[in-house]
Structure formats: C-alpha cells, structure tokens
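Presented below is the structure to which this report refers.
Chains as they are written, first to last, in this note's numbering: chain X, 1 to 295; chain E, 296 to 394; chain W, 395 to 917; chain S, 918 to 1548.
Set out below in structure tokens:
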C-alpha cells in the first residue's frame, strides 16, 4: 500500500497536491500510519536485546523513511535510501553482527551509575527543545517542488551536483575511496611469518592444552567443542544441525545458551571493578566459576 | 496535514537515536542508532527542500548518505578489529580514556 | 646607531646558556668552563656599562628602543639609571661565583642516588636566569619587564626542584619530595603574584595607552595623564603585590625558607641575592614612578609590614634549626630593611635601600656559599650536627664568621653603610618606626652569633673531626666576596656616586624632599 | 705631622691584617710583628704628643681628613680624625698599656699554638680603640665602638673549645649591641636635629636646640656607655668576660675598652651640660654601679672575677664623675688613666699568679704566695695600694678628687653621691685587702688538681714581669704626677672646660674621711681574712654574700626574663609561621586539590558518559538559543 501511494505521489497528477498549502489527506493518513511504524521501529532498535533484531527494526524504519522521501518528492533519494541504505548498509551491519556474533554486550543492564537516567532525561529535554524550536519557527507556508522537479527530480539533482556541488561531490568520492581503503587496512591482517602447518598448530594447541579439535565451521559461533553441544546461531540460539543425528535422536544435546549470561556477569564484574564497587560482583563471579567447574 | 509534522517526526527519531547511542553498550547497536540519527536528519532535509521548493536540501541529504556509508564502512571495520583484539564488541570494554 | 650594549649584556648569557646546554653529555667539564667564561665575559660587559654610564648624565642612558608589538604599543625599550647599573653589576658579579661554587653540585651522583642530574642543564639554567634578571633590570617598557619578570620563574623552578642538596641528611626520596614541594610552592607563589601584576599591567595599558615607562612617567609628571585615585591605587596594589611576593615581604614570605632550604647553596644565593632583588628594584622603579600618589597613600601600611618583616624574620631566624632556613629568615629581615628604606621616601633611605640590595647580595652570597661548603662536607643542614668546626677548619670558620658579621652589619663591612642609611632615612621621617627597626640589629647579632657559636665553637663533634678546610676553588669563591665587603664598607663612595642622582630623580618623581633638620623644631 | 694620625690606626691595623691573613707561615714571628707594630703606634703617639706639647694650649687640637665615607644627599659621613688633648691622653694610654701587654702576652701565651692569631686580635683591638678615640664624628666613633666590641668578642672567646668562653663572648657582644642601639639612635637624633654628627658642629649647636632633645640624646649616649663600660643595668657581661686570657682582661676589660663609655660621655660634655636630667641619671648609674661592683667584688672567690667587680666599681666612679659635669670630667679621665695603670697591673699580677698555679683562679686555693713569686707580690701590692687610694699613690689623687667633686655637686644629691662614693671607697679597700690577703698571705692552701699534678708556684718569665714592673711604677707615680699642681687639669681644660668644685665640707675634710674609711675597710678585711685561716671551700655565707656571688642575681633575671622569654617567643613564632601564615597558603592549595579530586570522579573513562555530557551540552545550547530568540 505504501509503495502504491509512493508511486502515486510520483505521478504528475499529484504534483499540484505537492504544491498546495496543505497536503492531501492520503498523505496525511500515510504519514500518521507509517510515522507510527517508524517511531516504533526506532524504539525497537534501541530497546531490543539482540543486535540482530535491532538491525531488522532499523531496516524497517529506513524503508518507511524511503517512503516519506518519495512522498516529499525526493524520488531519487527514496530509491537510494532503499537500495543503498536498506540494501547495502544494513546488510553490512548484519554481516558484522554475524562475525561478531552474540556477545555479552547485548544486555540492557546498565553498568555506569545514573547513565541511563541521565541519557533519558537529556533525550527527553532535547526532543522537547527541538520540537519547541520547530514549533515557534514560522514554517506555515511553503512552496512545493513543482517547478524544481519540473525537469525531473534526478535531472535536477544531477544539474546541481555537477555544477554547484561538483567539488563537494568529488570530495565525497575521495572520501569513499579512503573509507574503503581504511576499512581494508583496519581489518586486513598481514601474514608476515611462514604459515604454520597443521602439525605445528596441533602441537601448539596440545601444548597450550586448549581447543584440540579445529574451531567450528564458519557462521557458527561455538563456545564448546564437545560433540554433544550445539553451536550457536548468530542470535545466540543453539543450532541442532551442528550436532550429529544420533545424539539428536537420543535428545542428548547439551544446551550452553546460558553462556551469554555468564559472559555478561563477567563483563559486569569487570565494569564493576573499574568503577570500584567490584567485590560483590566479583564474589558472584567466583561462585559462577565454581558451579561451572562443578558442572 | 502540515508537512511540518515531518520535522517533528525527524526530531523524534533523532532523539530516540541519540538516546540509544547513550544507552546501548553493543558497539554495533550504537552504530545503528547513529544511522538512525543520520536518517532523521535526512528526513528533515528532505522536508525542508520541499518547503523551500529547491533541491539543495535533497543534495545535502544525498551527501549525508554518502558520508554515512563511508562512516559505517570504517566504523564497522573498527568494530571488527576491536572484536578481534578484545573478543567483545562492548563499548565499555574500550574504556581506556581513563588512565 | 651605536652598539646595543645593554642588549649584548643580556644576550651574552642567554646565548651562553644555549651553548652550554648544547655541550654533549660526556663533556661535562667543558660545559662548566664554558659557563664560567660566559659569565666572566658578561661581567666584563657589565663593567663596560658601568664605565660608560655617566652618573650626572640623563636619567636613562645607553637606551635602545625598537617597536615590537605595534598594536599594543609594546616596545623593546632598554635603558639604565644608576640603580639599575648598580644591580646589573651585582648580578654579573655574583654569577661567576655562583657557578664556581656550584662546580660539583650537578655532577652525576655515584654514591647517594643513582639519578644522574645533567650538569649542562644546571649551568645553562643559571646563565638563563642571569640573562633574564639583567634584562629585567634594563627594561624600561612595562610589558617587556613583565615578560622577563615572569619568565625568570621557569629556570628557577627547575634549579630549585631539580638540583637539591646532594648531601642532604635523610633519604633521597624524602629530599626529592621536599624539593619538589619547595619548587612548586615557589612557582605558584610567584605565579600568583605575577598574574595579579599582569592584570595591573593590562589595566595600566587601558589607562595610559602604552607601556613605555618613560612616557607614562612623563605624562604623570606633567599632569597630561591623570588617573582616578582609586584606579591608581588598584594598579599600584597589583604591581606591589607581585613585587612583595618576589621581595619577599611579610606575610608573603613563606616560600623563601622552603626554596632556600631545599635548593643547593649556589641556587639559594641566586634566589635571594639576585632574583629577589628584581622585586625590590621594581618597587623603586615602577611603583614609585608610575603611581606616586598611591605609593604615598600605601606608605604607612607598607612600612608597618616592612617593620614586621624585620623583627619577625629576625626572631624566626633565631628559632631555626636549619642553617639554610636561618639564612633565609635573615634575608627576610633584610628585605624588610630594603623595603622600609624605599618607602621611607628620603634620599638617605632610598640610597641606603639601593646599597642594601647590593651589599645584601654580596654578604648573603658570602655567608650562604660558605654554609654550603660546610653542609657539603658534613652532609647535614642541621645546626645541631655541627660543633667545634673552628678547631678543625679554621679558614672555613673564619670566612663563615666574616659572613656572619656582615649579616649582622658590623661597621666597617658593607652592609653597615646601607643599613645605617636606611635607618637614618626612616628615622628622619618616621622616628618611631626607625627606633623599633633598630632593634633588628640586636636580633641580627643574636641569630648570627648563636649560629656561629653552635656550629663553629665548643668541643669538636666526632662527625666533623675529619672535616677538611676550604679548598682552593672555594677560597677563590669566598675571598673576593669578603674583600668586596670590606672595600665597600670602607669606601662606598663610588657606588653612592652612581646611585645618588637616580635616587634624587625618584624622589622628584614622588614629589618628596628630605625633611630638613631644624634645630628650632627640637626645642 | 698631622698625617701621622692615620698611621696611629694604620700600624696595628696592618698588623691585624698581616697576622690574620698571613697563615701558619707567620706562626714563628707573629707575636713579634704584633708587638713591634703596637710599639710603633706608641712611638708615633709619643711623637705627636711631643709635637702637641710644643704648641700652646689653645691650638693643640689637630685634625686629619682622609676621605668622604658615605656621601648621600644631606648625609655626609667622613673618615676624619681629630687629635686633641683628650684623644691624646687615650692614645698614650692605649698604645702604652697595649704595648706592655703585647710584651706580657709573648710570655703568657707561649704555649698556645694559636698565639699568632691572638696577637692579630690584639692588634685589631688596638686599631679599633684608636679609631674610637681619634674619630672626629660620632659615626666613625661608632665604627671603632663596634670594632672594639668585635675584638673583645674574639678575644673573650679565644679559647673557643671551652663552651663557657664561647657563651661569654656571645653574651658580651649581645649586651654591647644593646648599648650600640643607644649610640645609633643618638646619632640618628643628632642627624635629624643638627643635620650632622661631627663632634664640632653638634657640640657647638647644643645651645640652639631644646633641652628635651638633648636629654634624649644624652640618655641614648649613656645607654651606649653602660653597654661598653659594664654599668648597671648592662654590666652582666663583664664578669663572664674573664673567660678570656688574662692579658685580654687586663687590656680590654680593665684598662681601655671598658673606659670607652667614659670617653663618650666626656667627649659629649656639652650635650650633657645642657641636659641636667641626663647628667643626674648618669651620676645615679655611676653611683649604683660603683656600689654594685664593689659588693660583687667582695663575694667572689675567683680572683679575676673579683678584679672584674672592682673594675666595674672603679668605672662607676668615672661615670659618676663624668655625670657631674665640668667639675668632674677631668677627674673622670684622670681616674681613668690611673686606673688603667693599676688595674692593668693587678690583672697582670693575677695572670702571673695563675701562670704559676696551673691556671687556678680560686683564691681559696692560693695563700702565702708572696714567698714564691716576690716580683708579682710587690707589683700587685703596689697596685693594691694604689687602688684603695693609699695616700701618695695614684688612686689616692684621682679617687679623692672624684669624691670631692661628688660632694661639690651640692644639694642633697651632692651629699648622697658623695657619701656613696665614700662608702664605695671603704668597700674597695675591704675587698682588695681580701684579695691581697687570700692570695699572698696566710698558709698555702693549694692541693693537686684532679689530674694529680701539684702546682709549683714560681715567678713568671721576664717578658711578663717587666710590664708588671712598669705598670706598678705608673700606678705609684702617675697620680702624683697628674695631681700635683693640677697638671692634668690644665692639660685637659681646653677640651673639657673645668670649673673648680667647692665641696660643702672642704677638701681636706673629704680627704681625711676618705683615708679613714679606707683604713676602716682594710681593718675589717684584716679581721675577717687576716686573723683566722681562710676555709678552702667557701662558707655558705649570708644572703647578701650568696646573692653577690651570683652577681646580685642579675644573670638569673636575664636568664628568666630575656633568655627563657625569648626562647618561648621564638618557638611560638616558628609555630605560628608554620601553621598560620604558611597554613593559609597551604590550606588554599589543599582545598583546590580536593576540589579537583572530586571533579576527577566525573571522568570515568566511559565514552558513553562523555557522550551524555555532550548531549546535555547540546540540549543546553539549544535552550540558550531559543531563550535568546524568545527575549
């Protein structure tokens, strides 16, 4: 439905509406409905526990924004929003989430004292102030994009970009290249020494006394390597596929999804120590270790 | 309906995003919130360009996207290397600003 | 234009400082000799200035003037009057002795502490201080003076904090902590004063429109520049505060005992004999010339403070257990005399104060350096650790005695001349204050002789029984100073001839004339 | 000829410089250098004296201007000498007795390895003392004044390894400083009143100014005199000064330096003449001191301290005389000279006794020494007769005149002063006889000292006895030479004008009474110490005796009030300086540090909390802009 409206908004028939003092009721409805969706998406992005869910919610919000762009006569931006943002950037996010996987960071438990309340307070005040600013700015009358988009939105933009903003455009090009190179530099690890053979690695592992078998397959984030323990999917849930059928049949799968909680406690204890109120957290952590050992 | 509402919406989203940046510990989520803020700005720009009837606002929004893309690329790279070194993507783990 | 003599006099040690600092670490001795030669060359230049200066000529001579910061009317203006010449000569004279006395103070320590203290730095800093002091004596531009008045603190800070007594009783860590405390205290104290003065300097610019001492003073004199009474008083206080901290005047004195106590004897001499003189000199040159009315307004309070300094400093000197701190408090008492002489507003008082600056410099240098030799031998600053040195090291004891006698201003030694002039000058205008101040000479006798008795006389303490007498280098340091003390005490005329005209000028600045003695009034 | 005056001072000064800077290589000849230069100075003095006698009385004063010392606008201090009869008298006394004592010291200090330095100090003293009496203005006099103070400090503390000596030296210098306080204030007063402090102008201008100022100046000068001449209340140092070697006691603390106060007062005669109150105070001080010293002298068992008390008392006589004004000045100086002879002789005798007795000073350990050291006995005895005023000897003439003058002052104070002087004469006779008897008569009382070596009393070497003989000669005949035909009066009259005083009871009566009280004193002493044996340990004695042994509790007073009080004052001040004055500063610094420490907690290292503050800041900025637009 939103897509159809967006298309409609694009047609020359409704250009007059864009020019008019007030917008069409259709757009109003669209605004109120999708606006709610966008806000909800944003809130979920912030308040959902798992990064994956946040990413998806954000993607939703972005799509809604794309629709709004279209509705505001920014056809090119709308498309770019969908293609670049939702399509590329958000996917990039998801990839990274997959790389990083489920970490202890995914918790809403606040470690810095008063941080959350301060943040909410500031947010609230900031929002109110912004709204107040917008409110008493006299933005009542406005002229639409009729003649600006007369020659077509994309052409208009192109004209501006390659004349008025050409320099900035080139600069951004350079910026992108730099960013790409920078990303590579940051993530690339140069191998200086000779690659070690399987044998050496094995010997090393034995010497270190940890992780004798190879690490789990890519895309799977395993904290344990016992055959009866399922690897974790990016969202932290155990994936039964990583356990051999027999055990699956016998239902002898051990669940380690509480691993995240342990790490979380460990992290909170670390933070606690840094903030000098560590003893309690430390004791909890020690108990945790104890029962882990007992297990 | 008065398109000024778009601005209000933008303000709302921006605020939410900012709050998210402050609240969340997962670097990735923090990044998402930053993206949210950027998008809110874009929305505002677009709405302005509609009001003033010229495309400059859209141009700015376009540039913002480009910059945002670059920023995300670098930022995510940072997060990955951070994770490699610390096995955690928590911004609190990288709290070395205090000696 | 003629050869810029004054700039040269200040620049030579500055260049010397850089050169000394640049000497490679291994060539330590070379650095020492370089520093010594530079200081001697500076002394030669100072002598040239002394010769070229014509006491009966213009007020400011050998002047140089170049525009510096046009927008604020800041000029690079140099010029000397009799007072400045005398003090430049004193500074240039003392530095070689300071360097010679500190010959081994900055050598790397093998025995007590593993920390190596760069020798080059020590001597370079001393030369830097000399350069800054000299130029602040020469500057006739308020802003220029201010800059060097403040910049002086930096090398002094490092000299105090970096090069404490190597032979200090107690653990090195403790000594180092004490040192850095003293250095920081010195820095903060003087910095506070300097900042207040900066405010006053800016205020002066706002009022007067430029920084040139001569122009402002002239404008003040012919009335073309008149300040509101309160403005003038506030500005005066701003300037005076900084100078009173530097001088130091009670109750702003507490940094001095720490600084002098913790630093090596040569540095202590540098502080009290050279750097602090800038404070009293500046009172005479800036406070009185720029703010005559305010000076007159503040005189009673300042005189009382000076009086307190005299008596208080002397009493505390009596109560000290630490040789260097004792000398420090004695200096506080003496600075009380100097300030009293300046603000007595009589030509005897001000001539006396100027002579006092010179003589106190020499006498304190003599006493402090000998004390330093003593301390470096025994490794303790506590009076109680000595006794009977006189029997073991008679020459050391003798020079120490002469230094003490100079400190108690025995007639025939230089300090007596200045102290008596100050007393007479003060008495002429403020009899009561003059009489009370006279008690200072009794107290002076008390603390110096008690010090001498406790350290030098009595049965020989076993720790000092093996103490060697003065070495040649040390004699070379002390003997000329003592000779100078005697010469200036017997025949101070050359000095007074240089100083008097300048003092007359200052007197006319404050529109004061000496109270004429009249027999009738006494009826 | 006049240029020789500077040489008077220069010769011993040169000696001091050479001996003190010369180093050990002069040890062998040092004492000869010193003695020769002292003698040279005496010769110069004699030459000048001869030259002076050549002129007529009115034109004898000569001067020499060396150079301008401290020239400051309106304040002109010169180094200039003036030599008139008064100065000449002192010059001869100082250089003469000085030279003798140099000779004496050659023997006395023979076994001291620091003899060279000792002679250096002696020369230094001579130079300073000559400067004092030759100066033609008060400031230069002040230089000499402090110079002799320094010399006596160095000489009292010559045996510095003895803590007692060091303390005594310091005490002497400090007490003298208190006196110098008076002198410097007096000079300041002169400068502000007359615009100068040269003798001539000041003393001429006395007529023009008010009595108040002159009284103030006079009292200040008197304070100075008290310090230098050990008069009450500043007398406490003289007794301790006996810690010094005996020649020093003889030269400085008997013959010359301690009489400088008398010189000062006589020299400033015009001022005192114009200020009767100051004169009265002077006489009172003199009278009190002469009794004080005499009483102390009676109680001391230490021979030198007994003599010191006697010195105090005799100088009391001089000060008394000087306080009497023109009727007394001459006699003050005359007594000063004669006293110089016999007191120096007595001290040298005492020194000779100690020399023979292993430096034993307790008279209760002497006794019957006349057999062992006849020369000493004879010279000491002559000095004794002189000081008690035995008719025909020096003391008789000078002291008798003073007593006469005291009565001649007239009025009740005349009677009081006169009778005090008489009483003093009696006591003098008493204690000197006591000393004489305890030392030279009776049976021997000395025992081996703690190191077990028995003292073997023996006559001292020639170098010591000859000066004693000379001085004895002087103490016998000087008085007569001066007194007969008022020679001395005519000699000094031009400088210190002299008016002949007429005692209410007649000169002969005074003389008779003087002799009688003297005899009474001697008799009393003989009854107490000549008839029955002297106990080797001092009996507890009466309250007065015990007080007198402790210098009439003066030192205890000083200790309690000045020393203790001073210690407490300084200690509390040190505390105040550390806690209060410095505390304020450090307190400020500390509070700053605390504040920053608290602020530091905000910086917890979490990027997010920094972000919060940034965000809040942004919010505030917006608020501010909106506010600005609203208003």
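We put the beta carbon where it would ideally sit given N, CA and C, even for glycine.
With a minimum length of 4 residues, the unbroken runs of alpha helix (DSSP H) contained wholly in the stretch 1057-1118 of chain S fall at 1080-1111. Residue 1252(S) sits in a helix when the DSSP states are folded into three classes. Nearest CB-CB separation between residue 380(E) and chain X: not below the 8 angstroms threshold.
Residue 1220(S) places its beta carbon 8 angstroms or farther from that of residue 1259(S). For residue 116(X), the three-state secondary structure derived from DSSP is helix.
With a contact defined as Cβ atoms closer than 8 angstroms, residue 1465(S) and residue 1213(S) qualify at about 5 angstroms.
Sixteen is the threshold: since fewer than 16 other Cβ atoms of the shown chains lie within 10 Å of the Cβ of residue 1504(S), the residue is exposed. The Cβ of residue 1525(S) sits closer than 8 angstroms to at least one Cβ of chain X.
Between the stretch 404-420 of chain W and the stretch 445-460 of chain W there are fewer than three inter-stretch CB-CB distances shorter than 8 angstroms, so the stretches are not counted as touching. A Cβ-Cβ contact shorter than 8 angstroms links residue 746(W) with residue 812(W). With its beta carbon less than 8 angstroms from one in chain E, residue 1528(S) belongs to the interface.
Under DSSP, residue 999(S) shares a beta bridge with 980(S). Counting of Cβ neighbours within 10 angstroms places residue 1321(S) among the buried residues, the total reaching 16 or more. When CB distances to chain S are screened at a threshold of 8 angstroms, the residues of the stretch 712-744 of chain W falling below it are 712, 713, 714, 741, 742, in chain order. The stretch 1170-1185 of chain S and the stretch 1270-1278 of chain S do not touch, with fewer than 3 CB-CB distances between them shorter than 8 angstroms. Excluding five sequence positions before and after residue 587(W), the CB atoms of its chain that fall closer than 6 angstroms to its own CB belong to 635, 636, 639, given in chain order. The stretch 779-791 of chain W makes no contact with the stretch 1036-1044 of chain S; the number of CB pairs closer than 8 angstroms stays below 3. Contact of residue 782(W) with chain S by beta-carbon distance below 9 angstroms involves 1077, 1078.
Residue 753(W) places its beta carbon 8 angstroms or farther from that of residue 805(W). Assignment of residue 1503(S) by DSSP, reduced to helix, strand and coil, places it in the helix class. The DSSP-derived three-state label of residue 742(W) is helix. In terms of Cα proximity to residue 760(W), the closest of 877(W), 772(W), 748(W) is 877(W).
At least one CB atom of chain W sits nearer than 8 angstroms to the CB of residue 987(S). When only Cα atoms are considered, residue 591(W) and residue 530(W) end up about 15 angstroms apart.
Between residue 1226(S) and residue 1215(S), the alpha-carbon positions lie close to 8 angstroms from each other. Here DSSP, grouped into helix, strand and coil, assigns residue 1153(S) to helix.
The beta carbon of residue 351(E) sits no closer than 8 angstroms to any beta carbon of chain S. Put simply, the stretch 1108-1117 of chain S touches the stretch 818-836 of chain W. At least three CB pairs are less than 8 angstroms apart. Residue 1500(S) and residue 1494(S) have their C-alpha atoms spaced approximately 8 angstroms apart. According to the DSSP assignment, residue 459(W) belongs to the beta strand (DSSP E) that extends over 455-463. Taking C-beta atoms as the reference points, residue 1070(S) and residue 1090(S) count as a pair closer than 8 angstroms. The C-alpha of residue 1357(S) lies about 47 angstroms from the C-alpha of residue 779(W).
Interface with chain W (8 angstroms Cβ-Cβ cutoff): residue 1110(S) is included. In this structure residue 305(E) does not touch residue 77(X) by the C-beta definition: roughly 14 angstroms separates them, more than the 8 angstroms allowed. In the DSSP assignment, residue 1484(S) falls within the unbroken alpha helix (DSSP H) covering 1482-1493. Among the residues of chain S, those whose CB is under 9 angstroms from the CB of residue 785(W) are 1077, 1078, following chain order.
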